[in-house]
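Start counting the sequence shown at 46; every next residue gets the next number (our numbering). Shown next, in structure tokens, is the structure this report addresses.
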Amino acid sequence: MAKFVPLKFWVTLAVYLALASPLAVAWIETGLVGQVPVLGPLLANLLTSRVLAWIIWVSIALFTVFQGWRLLWKLPLAGAWLANRNFPDLNGEWVVAVQSNWPIVERLKTAASSDEITFDPVNDERPSLLEASFDVKIKQTWFRTDVTFLANEKTPLLSSETISVEFFKSENGNKSVAWVYEQTNSQDNSRPLAVTDQSKFYGSAVLNVSEDATELKGQYWQNRSWNLGLNAAGLIVLRRKPRISMIARLREIATRVMPKSSKA
46 MAKFVPLKFW
56 VTLAVYLALA
66 SPLAVAWIET
76 GLVGQVPVLG
86 PLLANLLTSR
96 VLAWIIWVSI
106 ALFTVFQGWR
116 LLWKLPLAGA
126 WLANRNFPDL
136 NGEWVVAVQS
146 NWPIVERLKT
156 AASSDEITFD
166 PVNDERPSLL
176 EASFDVKIKQ
186 TWFRTDVTFL
196 ANEKTPLLSS
206 ETISVEFFKS
216 ENGNKSVAWV
226 YEQTNSQDNS
236 RPLAVTDQSK
246 FYGSAVLNVS
256 EDATELKGQY
266 WQNRSWNLGL
276 NAAGLIVLRR
286 KPRISMIARL
296 REIATRVMPK
306 SSKA
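Structural data, given as structure tokens:
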């Protein structure tokens with residue numbers, strides 16, 4: 046977000062507000078004197094230049110640092126305009142479907158080590174892509190975005206850390222995300238990593254954002270086992286999980302907590 050509305054904008058805004066605030070206070074004081082004479086001098090004593098500067102900077106801090114901007118993004122009309130003008134709010138839980146070209150890489154590896162098996166990825170029929178799914182949480186602030194893959198039992202993923210997330214807008218309004226991450230795989234005696242795997246590696250992806258910001262879709266690649274020529278790439282799709290209303294969430298909690306009624 047800070048890429049489209051940089052810190053320079055907020056400093057300039059704060060300066061102009063500070064310069065305009067005495068005029069605004071004088072206008073309000075004049076109006077109050079005509080309507081409620083007692084409140085005019087009282088307001089003038091309270092709204093000093095120091096107090097006004099404090100109010101301005103606190104308001105900007107609440108908007109940028111403490112996620113106040115997300116409230117504006119939820120407004121019916123203004124929120125859609127701001128999301129289109131700047132960038133949509135991607136905070137929340139997502140489901141990720143990954144399709145990797147690893148079966149093709151593995152078949153090339155098998156053919157390279159065999160005198161009888163051959164495989165030409167250009168002319169031969171290629172195997173289907175390897176599919177995997179993950180739960181993902183995106184935390185987007187005004188200054189930084191973190192994409193966190195959650196571990197599951199079907200993959201060796203232990204944790205992921207966001208290195209960088211950059212937002213881009215084309216001239217026709219299309220939005221995309223460039224994402225670089227570091228993945229750490231779990232490894233122990235009961236579940237050792239394959240010889241073609243690595244305990245830690247880097248990856249990146251370029252994702253196109255749908256118009257309603259419920260889907261991020263694109264391609265990814267990684268340097269996993271690059272020294273063996275076995276690094277893979279593929280397709281990746283992130284779909285936003287439906288938001289659960291507060292009432293539905295309370296009902297879900299109550300169902301878990303309340304004991305089941307016994308049959309007579």
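Ideal placement from N, C-alpha and C gives every residue a C-beta, glycine not left out.
Cut-off 6 Å between Cβ atoms - residues of its own chain near residue i, not counting five sequence neighbours on either side
i, result
"THR229", "LEU203, SER204, LYS245"
"LEU116", "none"
"GLN185", "LEU135, ASN136"
"PRO148", "PRO172, LEU175"
"TRP31", "What the structure shows of the chain is the stretch from 46 to 309, and residue 31 is not part of that stretch, so it cannot be assessed."
"GLU206", "GLU227"
"GLN144", "LEU174, GLU176, GLY279, LEU280"
"ALA142", "SER178, VAL282"
"GLU161", "none"
"THR300", "none"
"VAL210", "THR190, TRP224"
"THR241", "SER270, LEU275"
Residue i, buried or exposed, once every other Cβ within 10 Å from all chains shown has been counted against 16
i, result
"PRO133", "buried"
"LYS220", "buried"
"PHE212", "buried"
"LYS308", "Legend: pLDDT at LYS308 = 38, less than 50; position of this residue unreliable, value from coordinates given subsequently. By the neighbour-count rule (16 or more Cβ atoms within 10 Å), LYS308 is not buried but exposed."
"VAL103", "exposed"
"LEU195", "exposed"
"SER306", "Because the pLDDT of SER306 is 45, which lies under 50, any placement of that residue in the model is unreliable, and the question is left without a value."
"ARG130", "exposed"
"ARG189", "exposed"
"TRP224", "buried"
"VAL192", "buried"
CA-to-CA distance, residue j to residue i, given in whole angstroms
i, j, result
"THR200", "SER215", "36 Å"
"ALA278", "ALA250", "9 Å"
"LYS262", "ILE183", "15 Å"
"ARG236", "LEU273", "22 Å"
"VAL140", "ILE208", "20 Å"
"LEU252", "GLY218", "15 Å"
"GLY124", "PHE49", "16 Å"
"ASP180", "ARG288", "14 Å"
"PHE111", "PRO121", "21 Å"
"GLN264", "GLN232", "27 Å"
"GLY248", "THR109", "29 Å"
"PRO57", "TRP187", "Per the sequence shown, residue 57 should be read as Thr rather than Pro. Taking the straight line joining both Cα atoms gives about 17 Å."
Contact with chain B by residue i, beta-carbon distance below 9 Å
i, result
"ASN146", "Among the protein chains of the structure shown there is no chain B, as only one such chain exists."
Span of the beta strand (DSSP E), counted from its first residue to its last, around residue i
i, result
"LEU261", "260-267"
"ARG285", "278-285"
Limits of the alpha helix (DSSP H) - the one that residue i falls within
i, result
"VAL150", "147-157"
"LEU117", "114-118"
"ASN131", "It is not in any alpha helix (DSSP H) - ASN131 carries neither H nor E in the DSSP assignment."
Residues near residue i by beta carbon distance below 8 Å, same chain, minus five either side
i, result
"PHE164", "ARG152, LEU153, THR155, ALA156"
"GLN243", "ASN230, ARG269, SER270"
"ALA128", "TRP118, ASP134, ALA258"
"LYS286", "GLY137, GLU138, TRP139, VAL140"
Own chain partners of residue i with C-beta closer than 7 Å, once the 5 adjacent residues on each side are dropped
i, result
"VAL60", "none"
"LEU107", "GLY113"
"VAL150", "LEU275, ALA277"
"VAL254", "PRO133, LYS220, SER221, VAL222, LEU261"
Residue i Cβ short of 8 Å to the ligand ZN heavy atom set
i, result
"TRP118", "Within the structure as shown, the ligand ZN is missing, as the structure has no ligands at all."
**Item:** Complete runs of the alpha helix (DSSP H) confined to the segment 183-270 [at least 4 residues]
**Value:** Taking only runs of at least 4 residues, no alpha helix (DSSP H) segment lies wholly in the segment 183-270.
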